[in-house]
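Asks: Chains as they are written, first to last, in the numbering used here: chain B, 101 to 384; chain R, 940 to 1290; chain U, 803 to 1107.
For glycine and all other residues, C-beta sits at the position ideal for the given N, C-alpha and C.
Being a predicted model, the structure only gives us computed values, none of them experimental.
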Amino acid sequence: MRTKLLRFGPDALGKAGVVGSGRLYAAVAVGGFRRYATYRTATLAGVFTNTVFGVILASTYTALWDERPHLGGYDQSDALTYVWLGQALLTTMCVMGTGFEDELIERIRTGDIAIDLYRPADLQMWWLAQDLGRALFQFVGRGLIPFAVGAWLFDLTLPASPLTWLAFLVAVALGALVSYSFRFLVALAAFWLMDGAGIVQMTWLAGVFCSGMVLPLNVFPGVLGEVVRALPWAALIQAPADVLLGAADPVGTFAFQAGWAVALLAAGRFLQAAATRRVVVQGG
Amino acid sequence: MDGPFNESFNESFADSFNGSSHDSSHDSFIELDGVEKVFDVRKRTGFMRSERREVRAVDSISFRVARGEMVGYIGPNGAGKSTTIKMLTGILTPSGGRLRVAGIDPSRERTRLARRIGVVFGQRTTLWWDLPLIDSYRLMHRMYRIPDARYRENLDRCVELLELADLLDVPVRQLSLGQRMRGDIAAALLHDPEVLYLDEPTIGLDVISKARVREFLRDLNTERGTTVLLTTHDLQDIEQLCSRVMVIDHGRLMYDGPLTGLHEVGDSERTLVVDLERELPPIEVPSARVVRVEGPRQWLAFPASESAAPLVARIAAEYPLVDLSVRDPDIEAVIAKMYADQAEKAGRAAS
Amino acid sequence: MGVSGAVGTGVRTGSRAHDDRDGWGAWDDGPLGRWERVLDGVRAYRMIAGMWIRSTMAYRVSFVMTTIGNLTATGLDFLAIVLMFSRIDRLGGYSLPEIAFLYGLSAISFGTADLVVGSMDRLGRRVRDGTLDTLLVRPAPVLAQVAADRFALRRLGRITQGLAVLGYALLTLDDVHWTILKVLLVPVTVISGGAIFCAVFVGGAAFQFVARDASEVQNAFTYGGATLLQYPPGLFARDLVRGVTFVLPLAFVNWLPALYVLGRPYPLDLPEWVAFLPPLVAAGCCALAGLAWRAGLRSYRSTGS
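This is the structure:
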């Protein structure tokens, strides 16, 4: 049962060839959602861990904002909201990795990727649909409960306007898109690198630090702050948080996120084409 | 099979005095008396509800295996084969009954027993993936505390008979499935186990590798007297290796005896595939019947207990024969036949 | 009876009968047997860890990269605290060197446990894919075999970084009146703390026998605990501090002895001598973790996969 679900990869394509591509990708997204929904115990365990980390971080942030109220333009309850949003979005945005990229790298390493590239469905779109399904599950399954616990234990800034919440959801969706496009690039790098583990670890490092998981990006000092706030990782957690907290203009934020998404997706296209040529030249 | 039960009193009496080593008069090496294994299985029935159900994976099994026997242990998937092996090796604790291997209660003295048994899990290699084969053997040497001279002797022997000489310095990940299986078997034998458990030792191997593995096991059994218990899906493994076969299904021992007996019990048939020069009407011979015709090729079923030789001779004499082959019934077919016959008998008895 | 067993194995093994009695006698339960078992576990651990080191060296470039990665990852962790202090002078009343002292002790203890038994969080996976069974048919304690699984020298990165931060703290702490007792307390704390974290890892693995997919729960106590201990106890809710003092005694890893060294008040009005309890607490934790492990393994062997 479990292995069957795990194999829900490009192999399932053969059967779906006749279905319209929109419906196909919808089905793939549902598959991605379900695949993660199977692991109930793991989800509960993750919720617990996110909650514990939330409590620890929230306590240190409380002390930090006690020292310096309005640090980075946040007041204390803004900062605490930021902590709990970070825990809620951590797995949705795959900040610590372990999304589809491990599987894709494995397929590249074993050469199975050649089969995927000759299939009628587009590689980038296929994994995008799958990953968005996963993101949706983790947003609901792993995000809501820690955030609710945080709101119960601490004094959080929760906007009253439904429009703000709606804008927040849009920012989360765009963040998930940026997260995917970047990880797709990383995975494709395995075509040219002998060992995918190294680059995955490097991007994991960069992701944890530059996404604002350890410290909100607006607290970073000087030029370092300017730089990290312009990088794509700022679109993952900082951007949705700023939209929810009313700290940034939603339209500008969307433009920033969408800009990175388009750029990274285009780069992914380019790399995918290069990879396809390489596979064709080498004969798979 | 009749003797040991009468002696169970004496045996348990002896055990209570000396659990560490004991022998029955028939030199039974493996002894099971009414061994059971019951699992609690939780089945999800709704979103948060689940149902608990008892599953008897092994249901009151009794048998004896003498030292030096080579026994096939077969049955469909989920029949209880691997559960039995896990109890014999001490991995699982039986829920009931009495079990002894070399006089030792496996579940209570697992590590002590480990030095005296060898286990090969067909699809799970215990060799070190990224290291040369020889490194895995060196680890066995130290972990089992095998005396140097004996280790060298056993290694040389395995290397020679399993043709591993060229593979010793090759990382395990570069070995083929057949090479790896040979490597695994050698690893399980370096410490001179008195019994070797093999779980699907020929699964996925090519014909030559299968033959090599079988030949090695036969030698091991005859020359060193190692007791061998193997589970398999390949009826040829059993035919070529085992004088005795046990069939388990739904946790119960359905049959225990020689393979020929199993054929009789199951009354199974082998198939002779005949390629003729041209299309002909179905072949007519007394000891076989045609079950399928496809152009010049014909399939004839004949009783598995009979030799194919007279049949082949007769067809060759009377028909323009180009090629032929004999196909064995697989284990599933034998067992299915066995059930069908039993059901028929039961039906007859009822009426 | 002993002779008949040896005779039964045939001429070939007859000569082994003598070693057998000696070798196996050691496995009989009893105080001596238990001690032998511990030694045997350590021996098996060394052998398996050695094999893993050799395996990693088959991919040298990868090893170098992941080691650097590990060092950088833990380095960034402390960098975040340094960044905080670029905006503030004190956090919860503690200076940067004082926090570095807490951080260094926590990182070294946790890093040691992570190096020694860190792979135990993979136990659930081993149970799921059935590879645990291959360890159960070996003549070595399963705990040692599981603990040595995937032994990785790259985990020295965290210990190295912890030592560097502790070194920085010791050089920059200026208000501490060092006594011999305080100097001795530092290494004792590190070792006991490592043992307490080891116990947490083993306990977490034991829990995975029951809940196979729950490996992430243990991250809350290992990684979460290590993060918690980097900051002064005053930052956290009283109930949380109570919990990590009396229920899961992480407070003894570094908080209490470090507060004694720094001359800071204890949380929860604890008496001063609790700073010297870590070795005792560590022994207790290890004993409990051992019992939990045995119970977990027993439950696995009766329920199977």
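1. Tell me which residues of the region 923 to 942 of chain U have at least one Cβ-Cβ distance to chain R shorter than 7 Å, keeping chain order.
2. If you measure between the beta carbons of Met1009/R and Val1167/R, is that distance less than 8 Å?
3. Within the chosen definition, does the region 958 to 965 of chain U reach the region 903 to 922 of chain U through at least 3 CB pairs nearer than 8 Å?
4. Ala846/U versus chain R: which residues are under 7 Å apart at the beta carbon?
5. Label Gln1113/R either buried or exposed according to how many other C-beta atoms from any shown protein chain fall within 10 Å of its C-beta, with 16 as the threshold for buried.
6. Is the Cβ of Leu371/B closer than 8 Å to any Cβ of chain U?
7. Contact criterion: CB-CB distance below 8 Å. Does Asn1109/U meet it with respect to chain B?
8. Step through the CB atoms of chain U and report whether any lies within less than 8 Å of the CB of Val1058/R.
9. Could you list the residues in the region 852 to 864 of chain U with a C-beta less than 7 Å from some C-beta on chain R, going in chain order?
10. Against Glu1018/U, what residues of chain B qualify as contacts under a CB-to-CB distance less than 7 Å, listed in chain order?
11. Using 8 Å as the limit for Cβ to Cβ distance, is Phe978/R near chain U?
12. Which stretch, first to last residue, makes up the alpha helix (DSSP H) that contains Gly1233/R?
13. Between the C-alpha atoms of Asp951/U and Pro941/U, what's the straight-line distance to the nearest angstrom?
14. Taking the beta strand (DSSP E) that Ser1046/R falls in, what are its first and last residues?
15. Beta carbon of Ala860/U: closer than 7 Å to some heavy atom of the ligand HEM?
16. Starting from the C-beta of Thr257/B, find all residues in its chain whose C-beta is less than 7 Å away, skip the five residues before and the five after it, and write them out in chain order.
17. Given 8 Å as the limit, is there contact between the region 1045 to 1059 of chain R and the region 1020 to 1035 of chain R, that is, 3 or more CB pairs closer than that?
18. Taking C-beta to C-beta, are Ala902/U and Ala971/U nearer than 8 Å?
19. Who are the neighbours of Asp1259/R on chain U, taking C-beta pairs under 8 Å?
20. Are the CB atoms of Tyr1258/R and Leu1211/R nearer to each other than 8 Å?
21. Can you name the residues of chain U whose CB is closer than 9 Å to the CB of Arg1063/R?
22. Which partner residues does Gln1237/R have in the DSSP bridge list?
23. In three-state DSSP terms, what is Glu1162/R?
24. Look up Val128/B in the DSSP assignment and say whether it is helix, strand or coil.
25. Kindly indicate the opening and closing residues of the beta strand (DSSP E) around Gly1057/R.
26. With a Cβ-Cβ cutoff of 8 Å, do Ile998/U and Phe1038/U count as a contact?
27. Taking only beta-carbon atoms, is Ala214/B less than 8 Å away from chain U?
28. Over what stretch of residues does the beta strand (DSSP E) that includes Arg1121/R continue unbroken?
29. Provide the residue span of the alpha helix (DSSP H) that contains Asp931/U, from first to last.
30. Can you give, in chain order, each stretch of the alpha helix (DSSP H) that sits fully within the region 989 to 1051 of chain R and has at least 4 residues?
31. Should Leu305/B and Gly871/U be called a contact, given that it needs their Cβ atoms to be closer than 8 Å?
32. Is any beta-carbon of chain R found at less than 8 Å from that of Met867/U?
33. So, with DSSP's three-state summary, where would you put Arg1044/U?
34. Indicate whether the contact test is met: 3 or more Cβ pairs, each with one atom in the region 314 to 321 of chain B and one in the region 880 to 890 of chain U, closer than 8 Å.
35. Taking 8 Å as the CB-CB limit, is Arg377/B close to chain U?
36. Between Leu244/B and Pro340/B, what straight-line distance do the alpha-carbon atoms span, to the nearest angstrom?
Replies: By the coordinates alone:
1. Gly932, Thr933, Asp935, Thr936, Leu938, Val939, Arg940, Pro941 and Ala942
2. yes
3. yes
4. Met1082
5. Per the 10 Å Cβ criterion, exposed.
6. no
7. The question about residue 1109/U has no answer here: the residues shown for chain U are numbered 803 through 1107.
8. yes
9. Met853, Arg856, Ser857 and Ala860
10. Ala142, Ala145, Gly146 and Thr149
11. Output row for Phe978/R: interface = yes.
12. According to the sequence shown, residue 1233/R is Glu rather than Gly. Not the alpha helix (DSSP H): Glu1233/R falls in the beta strand (DSSP E), residues Arg1228 to Glu1233.
13. Distance between the alpha carbons of Asp951/U and Pro941/U is about 16 Å.
14. From DSSP, Ser1046/R is part of no beta strand (DSSP E); its letter is neither H nor E.
15. As presented, the structure is devoid of all ligands, the ligand HEM included, so that no description of it is given.
16. Ser177, Asp178, Thr181 and Leu345
17. yes
18. The criterion of a C-beta distance shorter than 8 Å is satisfied by Ala902/U and Ala971/U.
19. Rather than Asp, the amino acid found at residue 1259/R in this sequence is Pro. By Cβ distance, chain U contributes nothing, its closest Cβ being about 53 Å from Pro1259/R, past 8 Å.
20. no
21. Asp931, Gly932, Thr933, Asp935 and Thr936
22. Gln1237/R is bridged to Val1213/R and Val1232/R.
23. helix
24. helix
25. Ile1056 to Phe1060 is the span of the beta strand (DSSP E), which, as asked, contains Gly1057/R.
26. no
27. no
28. For Arg1121/R, there is no enclosing beta strand (DSSP E); the residue is found in the alpha helix (DSSP H) stretching over Leu1116 to Leu1128.
29. Leu925 to Asp931
30. 1020 to 1027
31. For Leu305/B and Gly871/U, yes; Cβs fall inside 8 Å.
32. no
33. helix
34. yes
35. no
36. Going by the C-alpha atoms only, they are around 15 Å apart.
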